[in-house]
Each structure stands twice: as structure tokens, then as C-alpha cells.
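Written out below as C-alpha cells is the structure these notes cover.
Residue numbers (UniProt numbering): 1 to 469.
Structure representation (C-alpha cells):
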């Protein structure tokens with residue numbers, strides 16, 4: 001990773017696991033009363049914002065036995081001092097239905113809770129969670145069977161974000177996130193949340209002397225049964241900033257549905273690797289794999305191109321199958337590469353590469369694969385995780401379920417290919433690509449979005465990032 005990328009990570013929102021947070025808390029044990037006062041004050045301020053004021057308002061505060069409960073008690077005291085009608089309920093003896101209120105503060109249990117918690121019925125009251133919604137696993141975002149969790153309108157968390165607020169059911173249950181600095185140093189953090197300001201800082205400007213070959217992308221994708229994969233990857237690369245995109249589908253003639261500006265380079269139907277490798281002059285990045293198919297000859301040629309090309313490469317879809325489907329295994333092959341490599345698996349492709357699905361701790365799973373293969377790994381999902389070979393991780397939560405449709409991964413591969421061609425650090429390019437891709441989907445219709453809609457939405461995202469009116 002470049003020095004610039006490392007420097008920018010230090011300015012991002014940190015993410016720590018519950019175990020890491022416990023170590024941070026333990027190191028500050030002599031300041032615990034001060035820290036609880038600060039946390040409780042932050043909760044009270046957030047409560048007032050949700051209440052829209054204090055006059056005539058009623059708030060219930062559910063408190064547990066730990067520091068979360070203490071944060072809630074401080075917040076209750078401060079709210080009462082400001083004129084809010086406050087009732088405090090002990091989590092262990094909380095009635096199944098709370099009286100009517102304007103706001104319920106969930107300060108029952110924190111990230112380390114492992115028991116059973118059935119939250120009460122709070123009616124139409126807004127909900128403010130302290131640190132994490134009680135009952136949500138702070139590491140994975142899961143909710144254990146038998147638990148019932150209050151869906152928060154907002155969660156106030158301290159020092160650093162917790163993975164459970166970004167993954168699994170926790171992502172939706174947490175509502176709007178508010179990170180508060182209470183004066184604790186999280187230490188040497190290696191996982192961060194990517195936001196729009198970070199992407200805008202990294203987005204390169206087109207220089208006055210730029211020309212079409214300044215950021216050229218070579219795409220090898222598609223097949224007789226999946227021709228659209230190449231179309232999607234090419235269109236996305238063009239819209240994301242590539243000045244020249246040349247494409248090949250082994251054994252295929254020029255496709256009428258391909259963008260007019262894309263250049264076709266024929267490749268034979270079989271034994272095409274050598275010809276493909278000779279075609280990479282003047283290009284700056286390669287995208288390979290979307291829709292190529294899984295025939296033995298295709299897989300062998302895909303592997304050869306992926307390993308032998310000296311250019312930065314994005315390997316997606318059937319390219320990942322090709323890397324995994326060999327006697328040596330994907331990691332051994334990929335460690336032979338010297339140029340940057342970005343792998344973009346979904347959970348099933350992750351299993352092809354490693355032999356097992358990612359599991360509940362997705363950050364650890366992606367970090368492990370990136371370190372093992374010496375590549376940048378982007379694991380797709382409702383929350384995307386991108387890991388660099390040195391263990392740095394970026395989490396991207398742009399986008400939503402609109403992206404759960406065929407072909408959106410092909411679009412993502414094309415976007416990353418364009419960013420690599422613009423000479424971005426591969427870790428940055430992968431994370432930026434995921435963010436731009438997700439944000440583009442948010443500009444599309446809530447229902448009926450298809451992958452082919454995304455390329456035309458990408459320029460809107462880029463304009464927003466550059467501050468265009």
C-alpha cells in the first residue's frame with residue numbers, strides 16, 4: 001500500500017472488535033468514571049436531538065449491569081436535569097410492554113453480551129441505542145436465536161465503530177450511526193469505514209494533457225451463453241473514467257450490444273492466452289473473468305493470462321474459478337505475481353478459493369485470504385470488505401439490496417479496472433470501486449434496477465464526488 005493510502009487511513013473512522021475495545025477500556029480503567037460521564041452526556045445530547053427538544057417530553061431508559069447501563073444512568077440524570085420526564089427500567093426486570101413515551105434509550109447490554117435478551121414492546125417511541133442495540137453480536141452483527149432486539153433509530157457508539165453495527169442484522173437494527181470521541185485512543189487500528197469524503201480525496205483529476213490512452217483498460221470477458229458480462233464490464237470501465245477500452249470474448253465476433261466506443265480485439269475460441277498477452281501493449285489494467293465460462297480450456301487460458309500479465313489485474317467471476325481449479329491452489333499461483341492483483345469474490349467464490357465460506361467474522365476472513373494470496377481481496381456482500389496484503393481493511397456500506405441482481409459484479413469489475421488504469425493504489429481502487437458502484441445503485445429505482453442501469457449512473461456519482469452542482 002502506498003504511503004499516501006496509509007496516511008489517509010489514519011483520518012478515517014476506525015473499526016475495532018469487541019475484544020480490541022475491551023483492551024482499550026482496560027488500559028483506561030483509572031479514568032472510567034470520567035469516561036462514563038462523557039459517554040452519558042453524548043447519549044443525552046443525541047436523545048435531545050431525537051426528541052426535538054426537552055419540554056413536555058418523556059423518555060424511558062433501560063439500563064443493564066455494565067458500563068452501558070452506567071452510560072444510560074448518566075444520560076437519564078442529565079435529561080431529567082433538562083426537564084425531560086425520565087423513567088429508568090432495570091433490564092433484568094423490564095416489563096414486557098413499556099408505558100407510552102417519546103423515546104426509549106436502550107442501554108441494557110453492550111458488545112460483550114452473550115445471554116438472552118427479549119426487548120420490551122416500546123410502541124411508537126423512537127429508540128436510541130447505546131454502543132450497540134442490546135442483543136446484537138458486536139463482532140458479527142448476528143442476533144442469537146431467542147433474542148428480540150429493539151430496532152434503533154440511531155446508535156451512539158464510542159471511540160470506534162464495532163463490526164456488529166455494519167454487518168448482519170446489526171446493520172439494519174443500528175439505524176443511523178453516531179461515533180463519539182470520549183477521549184480514548186483506539187490505538188493502532190487496521191480496519192476503517194470508507195466514506196464519501198475519503199473517496200473524493202482519492203479520486204484523481206483528469207490532467208490537461210490527458211488523452212485516450214492515458215487510462216486504457218483491456219477486458220477479457222463473456223461467452224456464447226453470457227455475452228452480456230463483457231458488455232457490462234466494458235460500459236462500466238468507460239463510465240468510470242477509462243479513455244480506451246478494448247474487449248475480447250474468446251471465439252466471438254464483435255457484439256452489436258457493445259458500446260460504440262469500445263474496440264473489439266478478436267481471440268480464438270481455444271488456446272488464446274498467448275494472443276491475449278501480446279495484446280496488452282499501451283494498456284494499464286486488465287479485467288478478466290466475468291462470464292467467460294468454466295470449460296477446461298477456458299480455465300487454463302484464463303489462469304495463464306492472470307498469472308503472466310505484468311499489468312494490474314482484476315479477476316472476477318469465472319476467473320476466480322480458473323484460479324481455484326488447479327492442483328496448486330489459487331494462493332500458490334497468485335503469489336507468483338509481481339503486479340497488483342484484485343480479487344472480487346462473493347461468498348461462493350471465496351469458498352472456491354479457500355475451501356470454506358467466509359464465516360461470521362467477514363473482516364478476519366478477507367484479511368486472511370489477502371495475506372495468503374498477496375493480493376487485494378474484495379468480498380462482496382450487503383457490506384463489502386476490502387483487504388490489502390499487509391492486513392489493512394476498508395469496509396464499504398454504500399448501496400443496498402438493489403445490487404442483488406445478475407451482472408452487478410461485472411459492473412464492479414469494470415469500475416475497478418478503470419481506477420487501476422488511472423494508477424490508483426489497488427487497495428484504494430478496489431474500495432473506491434465498491435463505494436462508487438454502491439452509490440450508483442442508490443441513484444437508481446428502488447424496484448426494478450438491473451445491472452445495465454448502473455454504468456449510466458456512475459457519472460452522477462463522480463460529479464457528486466467532484467462537487468459539481
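Virtual Cβ for every residue (Gly too), placed ideally from N, Cα, C.
Model, not experiment: these values are computed from the prediction.
Residue 283 has its alpha-carbon roughly 26 angstroms from the corresponding atom of residue 331.
In the displayed model, residue 432 falls within a helix according to three-state DSSP. Under the DSSP definition of a beta bridge, residue 157 partners with 179.
Of the other Cβ atoms in all chains shown, fewer than 16 fall within 10 Å of the Cβ of residue 34; this residue is therefore exposed. Under the three-state reduction of DSSP output, residue 58 falls in the strand class.
Counted as a single uninterrupted DSSP element, the beta strand (DSSP E) harbouring residue 246 occupies residues 244-248. Beta-carbon to beta-carbon, residue 433 and residue 416 are separated by about 4 angstroms, close enough to satisfy the 8 angstroms threshold.
Measuring C-alpha to C-alpha distances from residue 189 to each of 374, 19 and 423 identifies 19 as the nearest. Residue nearest to residue 382 within the set 74, 171, 30 and 79 is 171 (criterion: CA-CA distance). For residue 198, the enclosing alpha helix (DSSP H) covers residues 196-202.
Using a Cβ distance threshold of 8 angstroms, residue 230 and residue 421 do not count as a contacting pair. DSSP places residue 410 within a helical segment (H, G or I) once states are collapsed to three. Between residue 72 and residue 86, the C-beta gap is not smaller than 8 angstroms, which leaves the two residues out of contact. Just so you know, the alpha carbons of residue 449 and residue 400 end up roughly 11 angstroms apart.
Per the C-alpha coordinates, the member of 164, 182 and 183 positioned closest to residue 175 is 164.
Beta-bridge annotation (DSSP): residue 384 is paired with 396.
Taking 8 angstroms as the cut-off, the Cβ atoms of residue 135 and residue 109 count as close. Cα atoms of residue 297 and residue 314: separation of roughly 20 angstroms, rounded to the nearest angstrom. DSSP links residue 15 through a beta bridge to 161. Under DSSP, residue 264 shares a beta bridge with 247. Inter-segment contact for the segment 270-280 and the segment 239-257 is present: three or more beta-carbon pairs are separated by less than 8 angstroms. By the neighbour-count criterion, in which a residue is buried when 16 or more other Cβ atoms sit within 10 angstroms of its Cβ, residue 260 is exposed. DSSP, reduced to helix, strand and coil, places residue 427 within a helical segment of the structure shown.
Check the Cα spacing between residue 354 and each of 301, 366 and 360: the tightest is with 366.
Listed in chain order, the non-local C-beta contacts of residue 375 below 6 angstroms within the same chain comprise 334, 341 and 343, local neighbours out to five positions each way being set aside. The alpha carbon of residue 45 has as its nearest neighbour, out of 395, 187, 157 and 304, the alpha carbon of 157.
In terms of Cα proximity to residue 78, the closest of 405, 41, 58 and 99 is 41. Under the 10 Å beta carbon count, residue 213 is surrounded by fewer than 16 other beta carbons and is classified as exposed.
In the DSSP assignment, residue 322 falls within the alpha helix (DSSP H) that extends over 318-324. By the criterion of a C-beta distance shorter than 8 angstroms, residue 336 is surrounded in its chain by 307, once the five residues flanking it on both sides are discounted. A residue is called buried once 16 or more other Cβ atoms fall within 10 Å of its Cβ, and residue 102 is buried on that count. About 5 angstroms separates the beta carbons of residue 325 and residue 299, which is inside the 8 angstroms limit, making them a contact pair. Between residue 76 and the set 66, 278, 53 and 47, the nearest pair of CA atoms involves 47. Annotation for residue 126: the continuous beta strand (DSSP E) segment containing it runs 126-130. By the C-beta density criterion, residue 137 is buried, having at least 16 other C-beta atoms within 10 angstroms.
For the pair residue 291 and residue 226, the CB atoms are nearer than the 8 angstroms cut-off.
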